[in-house]
Amino acid sequence: MKKKILMIDDDHDFVNALKIVLENVGYQCFEQYSTAGGIDIYLQVSPHLIILDVMLEDIASGFRLANDLRILENKIKKPHVPILMVSNVDSITELDFKARVGVDIPVDDFVNKPVEKKLLIGKVQDLIRNGRAVV
Amino acid sequence: MKILVLNCGSSSIKFGVFQSPNEIRMVEGMVDRIGSPRSCLTFHKAGFEKREKRVLANNHEQAIEMILKELLDPKERILREISEIDAIGHRVVHGGELFSKSVCINESVFQKIKDCASLAPLHNPSNIQGIQASLWQIPFARQVAVFDTAFHQTMEPQAFLYALPYQWYEEDKIRRYGFHGTSHRYVAQQASRIFRIPIEELKLITCHLGNGASITAIANGRSVDTSMGFTPLEGLVMGTRCGDIDPAIPIHILRTKKMSVNQLDWALNKNSGFYGITGGDNDLRIIEQKAKKGSRQHQLALEMFSRRVKKYIGAYAAVMGGLDGVVFTGGIGENSPTIRKMICENLDFLGIELHPDFNQENRICISRKNTAVFVIPTDEERAIAQEVIHVLEYEMQINYKAEVIE
Chain F
0 MKKKILMIDD DHDFVNALKI VLENVGYQCF EQYSTAGGID IYLQVSPHLI
50 ILDVMLEDIA SGFRLANDLR ILENKIKKPH VPILMVSNVD SITELDFKAR
100 VGVDIPVDDF VNKPVEKKLL IGKVQDLIRN GRAVV
Chain P
0 MKILVLNCGS SSIKFGVFQS PNEIRMVEGM VDRIGSPRSC LTFHKAGFEK
50 REKRVLANNH EQAIEMILKE LLDPKERILR EISEIDAIGH RVVHGGELFS
100 KSVCINESVF QKIKDCASLA PLHNPSNIQG IQASLWQIPF ARQVAVFDTA
150 FHQTMEPQAF LYALPYQWYE EDKIRRYGFH GTSHRYVAQQ ASRIFRIPIE
200 ELKLITCHLG NGASITAIAN GRSVDTSMGF TPLEGLVMGT RCGDIDPAIP
250 IHILRTKKMS VNQLDWALNK NSGFYGITGG DNDLRIIEQK AKKGSRQHQL
300 ALEMFSRRVK KYIGAYAAVM GGLDGVVFTG GIGENSPTIR KMICENLDFL
350 GIELHPDFNQ ENRICISRKN TAVFVIPTDE ERAIAQEVIH VLEYEMQINY
400 KAEVIE
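Protein sequence lines, in the order shown, are assigned to chains F and P. First residue of the first sequence: 0, per numbering that gives the first Met the number 0; consecutive thereafter. First residue of the second sequence: 0, per numbering that gives the first Met the number 0; consecutive thereafter.
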């Protein structure tokens, strides 16, 4: 059975490009372009990984959705789905995330856009296999 | 709803926590000397004594961490957990022509604020650091940008354009922007409440007089002209800034005094104004004391300052075709009866006459004739909190309408 990836990002071009890359290597992709309905589609699809933009409707909407998903997982006792956060803001870097991932911020790994294909596939595979970023 | 307001400067952060409804101030304070071993946090909870302590704040993120630590202190009872902060309001100095009102920060807004940094290289980068640091420290709160320049975006081209090659405006956006917009708007709204007349029906002149100073003409609730220009250097005589000068003077100085551009910049921004005229004083209380003791140079500084404000009041009354009220605010405007008296002398042709006792007592209404003169304390942090609520309520209405349509 194909592993499922849910992409939540308002950048249609990025989502389309991601879909092509990830479906080519055997994943099944679902897309959502806003945080509204993010919980519903998560429940419908039951993804193995979520790729989530930091800033959708507002600067913190990505973090809020991630937090809501974690709260829901605890409530309905669903296993932790790894979240790969993506950002288009060049001043927000992987370094900024390293100290906070899993501590203050309820996500598992981070990558800046534009993302190099090999790096992306590596992170996706690690997260689906291990449930968290390989340090 | 609890709102954290952050006013990030290059080496200090002023903060406040407000609770709605009515934007009640729970606490205010500041971290200053960020980046120095002598950083200090001032904490003033409503109804209690102000206290200070030394903190380690090498950058804005650490400074915000220190602020949150105090807010979360169980003894203070401001916040039990970070998630109690529903929203953060950021003062952003320059919004260029991109922002004519406060906005909820998203990726596009964040990028545009960074784009405006070239217009305010000393201010916007600190504001951006504050926004980014807040994202890490308070990751679930909505953030709203409140721009100093936004209120003045209602100026017409005949007010905001300079008589320079038009392509300088088209290509480089060189124009009058104006600053202190949050303060001018706030005190104008307060004046309207005192008048009990809608602001749209009033012609007001608001004088924000502090170490930085600007004056704004407000008609029909909109800024129609303001004294600061492309940068905060233009307009009134200020603590260390020259205000209006002949634009040929910098050219002459560069040619004759072998000064570099940076040195000239420093001279006009940091070595002029009260400081330049008096030879080293820019605190008005000290200047008034020395003038009283007979220092001609200090008296001259007061006269130059007052005369410049008086000129603008006359000019703006002419531009608006009338005047209902003048508002004094800012450190000097709120606290110096001497300056207010000097400014308002001989303005009885505009219906302005000060009641000497009320003026001396710093009362709110100090006028004796038809044109009202008010002394209204500005409160930029509270004004920012009000803007945050306004923006979020507007967004909720939009989302509600979208849901109803769907």
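Even for Gly, the Cβ is constructed at its ideal location relative to N, Cα and C. Computed from a prediction, not measured in an experiment: that's the story for all the values here.
Looking at the DSSP output, histidine 43(P) bridges to Glu27(P). Each residue's CA atom was taken as its position, placing isoleucine 276(P) and histidine 251(P) some 20 Å apart. By a beta-carbon distance limit of 8 Å, leucine 5(P) does not contact valine 16(P). Their separation comes to about 10 Å. In this structure, histidine 183(P) lies away from serine 125(P), with their beta-carbon atoms at least 8 Å apart. Residue pairing by DSSP places glutamine 142(P) opposite Ile87(P) in a beta bridge. Judged by DSSP secondary structure, alanine 317(P) falls outside any beta strand (DSSP E) and instead within the alpha helix (DSSP H) spanning 295-319.
Judged by DSSP in its simplified three-state form, alanine 384(P) adopts helix.
Two segments are said to touch when three or more pairs of C-beta atoms, one from each, lie closer than 8 Å; by this definition the region 293-306 of chain P touches the region 332-339 of chain P. Within the region 101-134 of chain P, contact with chain F at the beta-carbon level (separation under 9 Å) is assigned to Cys103, Ile104, Asn105, Glu106, Ser107, Val108, Phe109, Gln110, Lys113, Ile127, Ile130, Gln131, Ser133 and Leu134.
Near chain P, meaning a CB-to-CB distance below 7 Å, the residues of the region 46-72 of chain F are Met54, Glu56, Asp57, Ile58, Ala59, Phe62, Arg63 and Asn66.
Here DSSP, grouped into helix, strand and coil, assigns lysine 76(F) to coil.
In the same chain as phenylalanine 13(F), and ignoring 5 residues on each side of it, the C-beta atoms closer than 7 Å to its own belong to Lys112, in chain order. With fewer than 16 other Cβ atoms from the protein chains shown falling within 10 Å of its own Cβ, histidine 79(F) counts as exposed. Under the three-state reduction of DSSP, threonine 230(P) is assigned to coil, being neither helix nor strand. Interface criterion met: the Cβ of asparagine 87(F) is under 8 Å from a Cβ in chain P.
Using a Cβ-Cβ cut-off of 8 Å, phenylalanine 139(P) is close to Ala59, Phe62, Arg63 and Asn66 of chain F, given in chain order.
Per the coordinates, the alpha-carbon of phenylalanine 109(F) lies some 32 Å from the alpha-carbon of serine 35(P). Interface annotation, isoleucine 38(F): not in contact with chain P, CB-CB separation never under 8 Å. The beta-carbon of glutamine 142(P) is placed less than 8 Å from the nearest beta-carbon of chain F.
For aspartate 12(F), not one C-beta of chain P is nearer than 8 Å to its own C-beta. Scanning chain P for C-beta atoms nearer than 8 Å to the C-beta of isoleucine 91(F) yields Gln131 and Leu134, reported in chain order. The beta carbon of isoleucine 120(F) does not come within 8 Å of any beta carbon belonging to chain P, so the residue lies off that interface. Annotation for glycine 324(P): the continuous beta strand (DSSP E) segment containing it runs 324-328. When C-alpha distances from lysine 111(P) are compared across Glu64(P), Leu97(P) and Gly329(P), the shortest belongs to Leu97(P).
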